[in-house]
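Beneath this line is the structure, given in structure tokens, with notes to follow.
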Amino acid sequence: QVRLVESGGGLVQAGGSLRLSCVVSGSIFSFNAMGWYRQAPGKQRELVAKVISGGTTNYAESVKGRFIISRDYAKNTVALQMNSLKPEDTAVYYCNAERTYTSIWGQGTQVTVSP
Numbered sequence: 011q012v013r014l015v016e017s018g019g020g021l022v023q024a025g026g027s028l029r030l031s032c033v034v035s036g037s038i039f040s041f042n043a044m045g046w047y048r049q050a051p052g053k054q055r056e057l058v059a060k061v062i063s064g065g066t067t068n069y070a071e072s073v074k075g076r077f078i079i080s081r082d083y084a085k086n087t088v089a090l091q092m093n094s095l096k097p098e099d100t101a102v103y104y105c106n107a108e109r110t111y112t113s114i115w116g117q118g119t120q121v122t123v124s125p
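Numbering (the working numbering), first residue to last: 11 to 125.
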């Protein structure tokens with residue numbers, strides 16, 4: 011069974027940076043898309059960034075120009091570099107892997123941005 015394990019969350023001041031990493035216990039070649047989602051208290055989970063198998067990336071409008079998603083096939087990891095963080099970026103961030111009929115989630119990692 012494939013597992014996703016996130017790391018890299020924490021507390022940072024506004025304007026700072028964090029790098030989230032998602033390790034996949036299997037080859038990421040088997041997935042059509044890998045992405046990062048987030049869920050803030052009282053809000054629905056939302057897409058932050060996604061990379062599909064061809065390399066195309068999609069970003070939420072609120073993070074464009076600040077966040078970068080990348081993947082490393084050799085290490086079976088997907089990373090999210092978050093720069094110029096804002097308090098409104100505070101949320102639990104989840105890694106997601108998609109393939110036909112299957113969507114797998116990690117356990118989440120907390121990101122807190124102080125003013």
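Glycine included, each C-beta is placed from N, C-alpha and C at the ideal position.
Residue range of the unbroken beta strand (DSSP E) whose run includes residue i
| i | result |
| --- | --- |
| Val12 | Run containing Val12: none; DSSP gives neither H nor E here. |
| Tyr47 | Ala43 to Gln49 |
| Ala24 | First-last for Ala24: undefined, no H or E at that position. |
| Glu108 | Ala101 to Arg109 |
Cβ-Cβ distance between residue i and residue j below 8 Å
| i | j | result |
| --- | --- | --- |
| Ser27 | Leu95 | yes |
| Tyr111 | Arg48 | no |
| Ser35 | Val12 | yes |
| Ser17 | Thr119 | yes |
| Leu57 | Gly45 | yes |
Bridge partners - residue i, DSSP secondary structure assignment
| i | result |
| --- | --- |
| Tyr69 | Ala59 |
| Leu90 | Leu30 and Ile79 |
| Ile114 | Ala107 |
| Ser124 | Gln23 |
Distance between beta carbons of residue j and residue i, contact taken as under 8 Å
| i | j | result |
| --- | --- | --- |
| Leu21 | Thr87 | With 8 Å as the limit, Leu21 and Thr87 do not qualify as a contact, their Cβ atoms being about 23 Å apart. |
| Val61 | Ile78 | Actually they are not in contact, since the Cβ atoms of Val61 and Ile78 sit about 10 Å apart, beyond 8 Å. |
| Ser5 | Ala43 | Here the chain covers residues 11 to 125 and nothing more, so residue 5 does not appear. |
| Ala24 | Pro97 | 6 Å |
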